[in-house]
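Below you'll find the structure, written out as structure tokens, and then a few comments.
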Amino acid sequence: MSEFELTIIPGDRLRESPILLLLHFHNALREELGDLRRSAAEALDSRTYGPDLIQELRRRFEFLKLVNRYHSVAEDEVIFRALDAHVKNVVSAPASANTWPKKKNSEFEKSNKDSVLALSQEELEAIILQVNGDDDLEPQQKAMITQNLMMSRWINTQKKLDPDVDEQGVPGIYPSYRDSHKLVFGCEHYKRNCKLVAACCNKLYTCRYCHDDNTDHVMDRKATTMMMCMKCLIIQPIGPTCSTVSCNNLSMARYYCRICKLFDDERKIYHCPFCNLCRVGKGLGMDYFHCMNCNACMAKALKVHICREKCLEDNCPICHEYIFTSSNPVKALPCGHVMHSSCFQEYTCSNYTCPICSKSLGDMQAYFGMLDAMLAEEKIPEEYAGRTQDILCNDCEKRGTSSFHWLYRKCPHCGSYNTRLI
Numbered sequence: 001m002s003e004f005e006l007t008i009i010p011g012d013r014l015r016e017s018p019i020l021l022l023l024h025f026h027n028a029l030r031e032e033l034g035d036l037r038r039s040a041a042e043a044l045d046s047r048t049y050g051p052d053l054i055q056e057l058r059r060r061f062e063f064l065k066l067v068n069r070y071h072s073v074a075e076d077e078v079i080f081r082a083l084d085a086h087v088k089n090v091v092s093a094p095a096s097a098n099t100w101p102k103k104k105n106s107e108f109e110k111s112n113k114d115s116v117l118a119l120s121q122e123e124l125e126a127i128i129l130q131v132n133g134d135d136d137l138e139p140q141q142k143a144m145i146t147q148n149l150m151m152s153r154w155i156n157t158q159k160k161l162d163p164d165v166d167e168q169g170v171p172g173i174y175p176s177y178r179d180s181h182k183l184v185f186g187c188e189h190y191k192r193n194c195k196l197v198a199a200c201c202n203k204l205y206t207c208r209y210c211h212d213d214n215t216d217h218v219m220d221r222k223a224t225t226m227m228m229c230m231k232c233l234i235i236q237p238i239g240p241t242c243s244t245v246s247c248n249n250l251s252m253a254r255y256y257c258r259i260c261k262l263f264d265d266e267r268k269i270y271h272c273p274f275c276n277l278c279r280v281g282k283g284l285g286m287d288y289f290h291c292m293n294c295n296a297c298m299a300k301a302l303k304v305h306i307c308r309e310k311c312l313e314d315n316c317p318i319c320h321e322y323i324f325t326s327s328n329p330v331k332a333l334p335c336g337h338v339m340h341s342s343c344f345q346e347y348t349c350s351n352y353t354c355p356i357c358s359k360s361l362g363d364m365q366a367y368f369g370m371l372d373a374m375l376a377e378e379k380i381p382e383e384y385a386g387r388t389q390d391i392l393c394n395d396c397e398k399r400g401t402s403s404f405h406w407l408y409r410k411c412p413h414c415g416s417y418n419t420r421l422i
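86 is the number that full-length UniProt numbering gives to position 86 of the sequence shown; each next residue is one higher, with no gaps.
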């Protein structure tokens, strides 16, 4: 471990300031990790690594990992205790000065829930004012404590969002697994041997769904130009195989689309030139065809269907996901509208009409026959007998009159009960 930084800080200052000592030790630990990384990179580039070198690097890494764990615990113990000692007089300040509630000294020794990271904005301001007014602290110590307090929430958030950032500032340089037990690369969405560098935020994600689930914006898959091979962890131009010599042209996936930048090693996928998207299936003319009127790829079983222009270029009426780029199966309704098959199954448990146009979702003759039998046995009160109501049928779209009823009104033209009052 390097002693350069230790020689420029007097020993008495390190003993008097535990915070400086911890930060000094933290810098030394980072330098040691950097040296370990450089050694591994040099061995990889020169291709001189062997079992002995790998074992030695692993031993050094495990040692630094153990040291870092105890170092992190020491940081919490020393820094929070030091903060507690320097702000112990805050509780005596007047309430009009935005003072923070009285706390026991042991509160700073609890979990992060009760630590400085959990304080409100007013409490942080009160602590900072008290620290700046403490004559026992040197200006450097005041600045350091104030900066740590102001940045504590942001640092804690970044640690959760960016678990691994390399020297080039690209987070996520580590492999992800679709099956961690069998060491199969990929994610819950795709089986593949690479990660993509999102052009929008310069971060590594296994696929666009992983990106969208963890950010507040949508990834433009076609703008992706770089990828990382999960075997050698080298960032390189996107392509069907790894370009590093050590991987020997390792295939990133069985299917690769240079337009959509899509990798998949499991399913049968084809690229539709009319949709300009990749679809699940064997291909156009095999199990799917592209309807030019609907501007959508459909199964051959739907060769005869009701065309609705750009029917897929809309959101699902149930979950509101954009259907055109959705990977979930889609069901075409008799009226021409579409929704996800899973949404259809859930929706039809309590509804039988289209949520957009209110037409029946299928053949409802059996249900309407049951209503006929039920209404035949009902007796309408005398004051309502003979009264009629003007209705509009949602199925045949014709107007008419129906016998008075507070719930069911039958269309005189098609016999449907899918009607509404006008």
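In this text, a Cβ means the ideal position worked out from N, Cα and C, and glycines have one as well.
Asked, Found
"Residue environment, Cys307, which counts as buried when at least 16 other CB atoms sit within 10 Å", "exposed"
"Supposed close pair Pro334, Leu361 - CB separation, criterion 8 Å", "7 Å"
"CA-to-CA distance, Asp314 to Glu382, given in whole angstroms", "50 Å"
"Cys207 and Tyr190 closer than 8 Å at C-beta", "yes"
"Exposed unless 16 or more other CB atoms sit within 10 angstroms - verdict on His211", "buried"
"Cα-Cα separation between Thr224 and Phe61, rounded to whole angstroms", "33 Å"
"Close beta carbons around Leu407, own chain, < 7 Å, minus the five adjacent residues each side", "none"
"Where Lys300 falls: helix, strand or coil (DSSP)", "helix"
"Alpha carbon of Ala143 to alpha carbon of Leu57, nearest angstrom", "38 Å"
"Local Cβ density within 10 Å of Gln130, reported as buried at 16 or more and exposed below that", "buried"
"Near the ligand SAH: Cys411 beta-carbon under 7 Å from a heavy atom", "This structure does not include the ligand SAH; it has no bound ligands of any sort."
"Close beta carbons around Ile356, own chain, < 6 Å, minus the five adjacent residues each side", "Pro317, His337"
"Residue from Asn276, Asn293, Ala301, Glu378 whose Cα sits closest to the Cα of Gly285", "Ala301"
"For Met228: DSSP bridge partner residues", "Lys195, Ile235"
"Short CB-CB distance (under 8 Å) between Met228 and chain D", "Absent from the structure is chain D; it holds one protein chain and no more."
"7 Å CB neighbourhood of Pro240 in its chain, flanking five on each side removed", "Ser251, Met252, Tyr256"
"Among Met292, Asn293, Cys297, the one whose alpha carbon lies nearest that of Gly283", "Cys297"
"Proximity to Thr353 [Cα-Cα], best of Cys319, Ser416, Pro175, Cys294", "Ser416"
"Separation of Leu196 from Lys203, as counted between CA atoms", "8 Å"
"Chain-order list of residues whose beta-carbon lies under 8 Å from that of Ile269 (same chain, five-residue window excluded)", "Tyr255, Cys257, Leu262, Cys278, Arg279, Val280, Gly281"
"Cβ neighbour criterion (16 or more within 10 Å) applied to Gly172", "buried"
"Cα-Cα separation, Arg221 to Arg30", "35 Å"
"First and last residue of the uninterrupted alpha helix (DSSP H) at Tyr367", "365-377"
"Same chain, Cβ closer than 7 Å to Phe324, five either side skipped, listed in chain order", "Leu312, Glu313"
"Minimum C-alpha distance to Asn418 - residue among Ser358, Glu378, Gln389", "Ser358"
"Buried/exposed call for Arg387, threshold 16 Cβ in 10 Å", "exposed"
"C-alpha gap between Glu309 and Asp395, whole angstroms", "21 Å"
"C-alpha gap between Leu137 and Cys232, whole angstroms", "49 Å"
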